[in-house]
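Colleague: Heads up: the sequence shown at position 4 corresponds to 4 in the UniProt record's numbering, and the numbers run straight through without jumps. Each residue gets a CB set at the ideal place from its N, CA and C atoms; glycine is no exception.
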Amino acid sequence: MTTTVVKPASALRLHEVSASYGGRTVLDGVSVEIPPATLSAVVGPNGAGKSTMVKAALGLVPSVRGHVTLLGEPLRRVRRRVAYVPQQDSVAQDFPITAVQVVEMGRYPHRGWLRRLTREDDELVAAAMEQVNVSDLAESPIDELSGGQRQRVFLARALAQGADLIILDEPFTAVDARTESALLEVLTSLCEEGRSVIAVHHDLRTVLDRFDHAVLLAGTVIAEGAPEQVLTAEHLERAYGMAPLALNR
């Protein structure tokens, strides 16, 4: 599934973005510019607006002010090139469906919901499932899989879509350390191909060790840039109100 990807000026750019839920401001004048072809993390304390930021960028928050571009374009122009893996996927709760059927959904933005998938689509689906090691789960009902297995399947769906930008909200929740490491290897390889990956994440140590770029949020942007420059004691104290455990290598 290796392809050459033309790098845009930025993977995600927000300018003075504010977002509200139920009259309460969650994001206040957030401006960030995440570079392309990087594995980028959005970090911060609970309630900092991490998930709200990515949802606002994807048009999933009803009350948003400011300007957003993805891959250098408004969302409406690049929707097929952007894949989103949310915290909780409603597929398993709404109706019975197998793992391979979930991954096939990644091809629908290209084919439409009513058209049959082609042999090429089938090959892309199979390759995506192999890439994240879930081929043997193809016919398993998604609601019978473990949390880690489900995360792999949802990532395979994003891979099958062939997206140039993949946005994941807490992708490593309910997965063990070995699975997390394997998924990070896949995400890193995508960035090496020229794709862009943005993940809402909470483990600061992993961000320091494995990510290229970080955004530290606490309602607004505390810092952005290389992880070692963002996750300093001063910045963390501003974001969390107290210094987390030492992150020295």
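Could you round the C-beta distance between Ala239 and Leu204 to whole angstroms and report it? I think they count as a contact, below 8 Å.
Modeller: No, Ala239 and Leu204 are not in contact; Cβ-Cβ is about 10 Å, not under 8 Å.
Colleague: Suppose contacts are defined by Cβ-Cβ distances below 8 Å. Is Ala160 in contact with Val186 by that definition?
Modeller: Their beta carbons are not under 8 Å apart, which means Ala160 does not touch Val186 by this criterion.
Colleague: Counting pairs of beta carbons, one from the stretch 104-118 and one from the stretch 157-173, are three or more of them closer than 8 Å?
Modeller: Enough Cβ pairs lie closer than 8 Å, so yes.
Colleague: Roughly how many angstroms lie between the CA atoms of Gly44 and Ala218, to the nearest whole one?
Modeller: Taking the straight line joining both Cα atoms gives about 6 Å.
Colleague: DSSP three-state label for Ile97, please.
Modeller: Note: Ile97 maps to coil in three-state DSSP.
Colleague: Please classify Ala177 as buried or exposed, where buried requires at least 16 neighbouring CB atoms within 10 angstroms.
Modeller: The residue is exposed, with fewer than 16 neighbouring Cβ atoms inside 10 Å.
Colleague: Looking at the unbroken alpha helix (DSSP H) that takes in Gly148, where does it start and where does it end?
Modeller: Taken as a continuous stretch (DSSP letters only), the alpha helix (DSSP H) holding Gly148 covers 147-161.
Colleague: Checking the sheet assignment: what are the DSSP bridge partners for Ser20?
Modeller: DSSP, once it has assigned bridges, lists Thr25, Ser63 as partnering Ser20.
Colleague: Can you tell me where the beta strand (DSSP E) holding Leu168 begins and where it ends?
Modeller: From DSSP, the beta strand (DSSP E) with Leu168 extends over 165-169.
Colleague: Are the stretch 11-24 and the stretch 53-62 touching, with three or more C-beta to C-beta distances below 8 Å?
Modeller: A contact exists between the stretch 11-24 and the stretch 53-62.
Colleague: Could you give the residue range of the beta strand (DSSP E) that holds Leu216?
Modeller: Per DSSP, Leu216 belongs to the beta strand (DSSP E) from 213-217.
Colleague: List the DSSP bridge partners of Ala127.
Modeller: Per DSSP, none; premise fails for Ala127.
Colleague: Ignore the nearest five residues each way along the sequence and tell me which others in Glu33's own chain have a CB closer than 7 Å to its CB.
Modeller: These residues qualify, in order along the chain: Ser10, Arg13.
Colleague: Which value, in whole angstroms, describes the spacing of the CA atoms of Gly194 and Pro227?
Modeller: Looking at the two C-alpha atoms, the distance is approximately 20 Å.
Colleague: At what residues does the beta strand (DSSP E) containing Thr138 begin and finish?
Modeller: One point to set straight first is that residue 138 is Ala, not Thr, in the sequence displayed. Taken as a continuous stretch (DSSP letters only), Ala138 belongs to no beta strand (DSSP E), as it is neither H nor E.
Colleague: Specify, as a first and last residue, the run of the beta strand (DSSP E) that Glu180 falls within.
Modeller: Glu180 -> not in any beta strand (DSSP E); alpha helix (DSSP H) instead, spanning 177-192.
Colleague: First and last residue of the beta strand (DSSP E) that includes Ser40?
Modeller: Looking at the DSSP string, the run of the beta strand (DSSP E) that includes Ser40 is 39-43.
Colleague: What does the alpha-carbon distance come out to for the pair Ser131 and Ala83?
Modeller: Correcting the residue identity first, residue 131 is Gln in this sequence and not Ser. Approximately 17 Å, taken between the alpha carbons.
Colleague: If you follow the alpha helix (DSSP H) that Arg223 is in, where does it begin and where does it stop?
Modeller: The identity of residue 223 in the sequence shown is Ala, whereas the question assumes Arg. Looking at the DSSP string, Ala223 is not in any alpha helix (DSSP H); the run it does join, the beta strand (DSSP E), is 221-225.
Colleague: Whole angstroms is fine: what's the gap from residue 265's alpha carbon to Gly148's?
Modeller: Since the first residue shown for the chain is 1 and the last is 249, residue 265 is missing from the structure and cannot be characterised.
Colleague: If I follow the unbroken alpha helix (DSSP H) through Ala199, where does it start and stop?
Modeller: Element bounds for Ala199: not the alpha helix (DSSP H) but the beta strand (DSSP E), 196-200.
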